[in-house]
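Read the structure below first, then the notes.
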Amino acid sequence: MLRRILAAATLLVLVIAPPLVLLRVGFTDVGAITVWTVSDVRILLLLLTALAWAAWAWWALAVAIEAASLVGRRPRLRLPALSLPRALAATLLAAAFASAAPAAHAAPAPAPAVVQAARVLEQPVAGPEAAGSLVHLVRAGDDLWSLAAHYYGDGTQWRQIVAANPALATDPLAPLVVGEKLIIADPVRLVTVQRGDTLSGIALRHLGDAHRWPEIHALNASRIQDPDVIDIGWTLRLPWVIASGTGAAAPQAPDAGVPDPAREEADMGDQSQPPQEAAAAAPGTPAQGPDAAREERGAPRGLPAEADVPAAEAQAPDAATPGEASTPAEASTPAAGVRAPDAGAASDPVQGAPAPADLLIAGVTSLAAAAIVGGIGLQRRLQRHSRPVGRRFVQPGEDLSRYESALQQAGAGAAALAGERTTSGRDELLARAQRLLADAWRRPGQRAVPLARATVDDQGVAFAFAEPPSAAPAGFARIGDTLAISWEQLAASPDVDGPAAFPALVTLGREASGAHVMLDAMESGVLGIACRAEQGRGEVLSAILIELGCAPWADELELLVVTGDPDFARATAASRIATEADAAAALARIETLARARAEGADGRSWRDRRLDPDLTDAWAPVIVLWEQPLGADDLGRLRAALDGRGDGLAAIVGVDAPAGAADWTLTWSPPAPATGAPPPPPPLVEAGGISVTPQAVSDDTRAAVTGLFALATTTSTEPAPWWPEEEADMDIVAIEPAPEGAQQRAEVRWSRPGSLRGDTLAGERIGPRLHLLGPVELTGCAGDPPSRAQRQCVEYCAWLHLHPGASPQQMGRSLLVAEGTRRSNLSRLRTWLGSSDAGELYLPDAYSGRIWLSEDVTSDWGDLLLLTSGGLNALPLDRLLAALRLVRGAPLADAAPGQWGWAEELRADAGALIRDIGVVAARRALEDGDMDTARWAAGRALVAAPDDELLMVERIRTEHRAGRPDDARRLVQRVTRTARALGLDLLPETVDVCQQVVEGRLRARN
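Residue 1 is where the sequence shown starts when you use full-length UniProt numbering, and the numbers rise one by one after that.
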């Protein structure tokens, strides 16, 4: 009743108040304007008044149309530019006049929300007007909004269901009568475009016929301008597959023995078709995208739990019972993280084949991967801050680089799904959303509310709460007890400084639709994870530990890990993670902390106390994660200390069924015992009626993450190759011959400096040239650039330039690409490079099994090495300046996230070398009294190493000696501000220079 009153009042105010206000304050006295001039403010007032009247008329027309549709129950008249006001008007009208609905359709209170499959009746609807329609059998919790979101991809289309079922109530959020049969006219399904998808490929996979791609094009004509070009991350509408006599049925994968016509057509044009890229199409027909994309989402997302009826389940459903059939997403969606082969996998090595990166880090979700990559990147930035001149940090080896590349690719997928126009990754935007929520709840009169679940998908994030939220930040849409916001809206929302609302948010797993389901670990007190014979428990605990250690929303979380492997725990966030090997000591510690917090409670909830700026530190969330087994008695003590207290303390521990109730239950099947055996069912985790594929980190991935963080946090350095030290006396007789291939490995590491032609630095260059010291480019090619995969071809060329004589297997392993993709892109690169005037290919065919680029293919990186050979500490100033002239920006400046992961050593060494060149050149120029050269050298190096402390010190010295005190002080402020932002101390040398510049002398010291 209250909702109807508020809706009616809002509607009346929005319709009646604007004209009354305009009649009173609007300017309409046109006769008073005698001379029309720009300086007359009355003209502006007249225009504003006219615009206000037009806006009110626009709104009133929308209300009138929606009111007529509501009274007459007829399909709505569609007019351009009225979709937004009509959606608002329809919502207000439906909420205000829902009581006019027949009593027969007033459903009882919905049962507790359980994520379950929607059911569709067996027979299609008869009648001439029902072509393409199906009948939906209402289940508990169904409402018009959620069904419209499921069948039409947009909850605001609920009127289409009402138009086909005139007896329905018109409140979109009112629960429907369980067991009622609803006609769904012309339903659609939503499919997210993945890497390698094309319209014909999507049509073949989801509609069973590649030639049905024009239907998809017609449904998405407003988005798809060229059927040959679709972008990753797009959400496309597909016709719902309704088989004659069987109702809605899932499209089956092609039989193993049936050829793929679209793939055959594509292969005729390119016999080495890449599996991860859209194939070229024959005229008029988009080519089949052979890469197996994740299936379409089969459930509404961003909706409250009680409106989540058509949600997909992670496991494959049982055979449909008579009268019912599962939704297509359930029947065809492979489990996330563990790719189930489809029916055509046996004979089709392309369709259904998982990407190499997915195989390497199977089980790690994109959110976790993005958090790991972000944590490693931050540690490396801090590491570079303290690197002395002439030293370098040890870089990851080949195996660790492959894992890092795989994590970058997975994390880049999160960034792409966050929106094509956003610059932040999905993990950063999720942290921003939590800060916005906490900021709204910190205001007077507001309070924090507990979280039931969060759903993260390619559209945005939805927070479903256990009770109605007290406030909704700007940009968030309120749907029942849920607050939802899109990635684009989040990216446009200004960030706030403050705590996150749910610092212990962890990923439960991934639905078959691809959406991540996240829960707040603080709500469980003791979060018990049970499984059969401990299978999978360690992998799930490792994933939780990584997420709590690396996630940007967990910065204020204090984590105690009871483990026998402290290196992994401390690697992710050493500053706020403590480890304990003794379970008894950890238990005593948490009991002491629980007693202290119980004594300090003031009657408010822990969440409200934590959001108090004066109490944030004292009431910081604390989680104890047990990787070691915990006995029944100790588990009882732990539950007695934490369960039901709500003081910001929680524990995550593995439990056995007899030892205590489990919050999460794992079902983990061992791998298939033999080749050809049927694949095991995917792993599942169940919590609170939700069943999803768990996020898991294997032992190999855990070891790789530990190694990457160890290298990124170490302070140990080694002499840099560009800064040779004095050679010690050597016993030449005792030196053993180098093993075969050692010279090749050395040349690979430093880009074959011995093989670089000396004439490449002077005169006219011949042949193609790679530009790596700045935006990546490939110039001087004899052939035409490829129409697609151009940047991948440049990456392949750079890899071959730095790895001469490598085998195809080494190349595919390092680049983490499928063999078909590698061959196809290599063919494109060969055509692009072309041949020399003598007719020799710049990329010859690898008849020997080894791939070599012509020596005429040069690079600015190779020239930089040639100019600095002999050591920076022994080079004249002109050579150093010539080297700096090659720098156009940061190394690989425009490489996309997820690409060039193999080149981390090149990126790090090139940046370090350029920085050292700038420091040495600036110091040499200062010694010669050449201020302009010193300023230019440090400034050019700062392009590749922004805000580097040693380079900034040289800039400060230069401006100080040049008699520019204001510029010097400005640079001092910049240096101190950067150090404060990074949480680092300035080097002693920097402190001395800053004191001399600002205060004119060094301060007195003992």
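All C-beta atoms, glycine included, are put in the ideal place defined by N, C-alpha and C.
Please read all numbers here as calculations on a predicted model, not as lab measurements.
- Note on geometry: alpha-carbon atoms of glycine 918 and threonine 715 lie some 22 Å from one another.
- Between leucine 144 and serine 405, the gap from beta carbon to beta carbon reaches 8 Å or more.
- Judged by beta-carbon spacing, cysteine 550 lies beyond the 8 Å limit of isoleucine 690, meaning their Cβ atoms are not closer than that value.
- By the Cβ criterion, the region 875-882 is not in contact with the region 814-834, since fewer than three pairs of Cβ atoms, one from each stretch, lie closer than 8 Å.
- Separation of leucine 865 and glycine 390 (C-alpha to C-alpha, rounded to the nearest whole angstrom) is 15 Å.
- Distance check between aspartate 427 and each of Asp700, Arg4, Thr455, Thr28 places Thr455 closest, using alpha-carbon atoms only.
- A direct Cα-Cα distance of roughly 21 Å separates glutamate 556 from aspartate 567.
- Uninterrupted beta strand (DSSP E) stretches at least 3 residues long and entirely within the region 537-585 occur at 558-562, 577-580, given in chain order.
- Relative to the Cα of leucine 519, the nearest Cα in the group Thr831, Ile529, Ala687 belongs to Ala687.
- Annotated three-state conformation of alanine 703 is helix, per DSSP.
- Within the same chain, Gly390, Arg391, Arg392, Glu725 come within 8 Å of proline 719 by CB-CB distance, once the 5 residues on both sides are set aside.
- Membership of tryptophan 626 in the beta strand (DSSP E) is indicated by the continuous run 622-626.
- In the DSSP assignment, no residue is bridged to histidine 206.
- Proximity of the region 770-779 to the region 882-902 meets the contact definition, three or more beta-carbon pairs being nearer than 8 Å.
- Taking the CA atoms as reference points, proline 473 sits about 42 Å from leucine 400.
- Closest by C-alpha distance to valine 135, out of Glu180, Asp930, His516, Gly644, is Glu180.
- Glutamate 599 counts as exposed, since fewer than 16 other beta carbons sit within 10 angstroms of its beta carbon.
- Leucine 93 sits close to leucine 11, with the two beta carbons spaced by under 8 Å.
- By the Cβ criterion, the region 218-232 is not in contact with the region 147-166, since fewer than three pairs of Cβ atoms, one from each stretch, lie closer than 8 Å.
- When the alpha-carbon of alanine 57 is set against those of Ala710, Arg964, Val15, the nearest one is in Val15.
- The way I'd put it, the region 942-955 doesn't touch the region 896-909; fewer than three beta-carbon pairs between them come closer than 8 Å.
- Between valine 364 and alanine 571, the CB-CB gap reaches or exceeds 8 Å.
- Counting only the Cα atoms, glycine 509 lies some 5 Å from valine 692.
- Histidine 217: member of the alpha helix (DSSP H) spanning 213-219, first to last residue.
- Counting C-beta pairs with one atom in each stretch, the region 638-658 and the region 621-630 have three or more that are closer than 8 Å, which means they touch.
- Inter-residue distance for arginine 189 and aspartate 209 is about 16 Å (C-alpha atoms, whole angstroms).
- Distances from the CA of aspartate 784 to each of Pro808, Arg830, Asp186, Gly514 were compared; the closest alpha carbon is that of Arg830.
- With fewer than 16 other beta carbons inside 10 angstroms of its own, aspartate 602 counts as exposed.
- Taking C-beta atoms as the reference points, proline 450 and threonine 616 fail to come closer than 8 Å.
- Using a Cβ distance threshold of 8 Å, leucine 800 and isoleucine 851 count as a contacting pair.
- Between the C-alpha atoms of alanine 515 and arginine 453 there is a straight-line separation of about 12 Å.
- Here arginine 791 carries a helix assignment [DSSP, helix/strand/coil].
- Here glycine 475 has Ile485, Gln489, Ser493 as same chain residues with Cβ atoms under 6 Å from its own Cβ, once five neighbours each way along the sequence are excluded.
- Counting only the Cα atoms, leucine 884 lies some 23 Å from histidine 960.
- In this structure, alanine 968 sits away from glutamate 954, with a CB-CB distance that is not shorter than 8 Å.
- Ranked by Cα distance from threonine 779, the first of Arg604, Val857, Asp612 is Val857.
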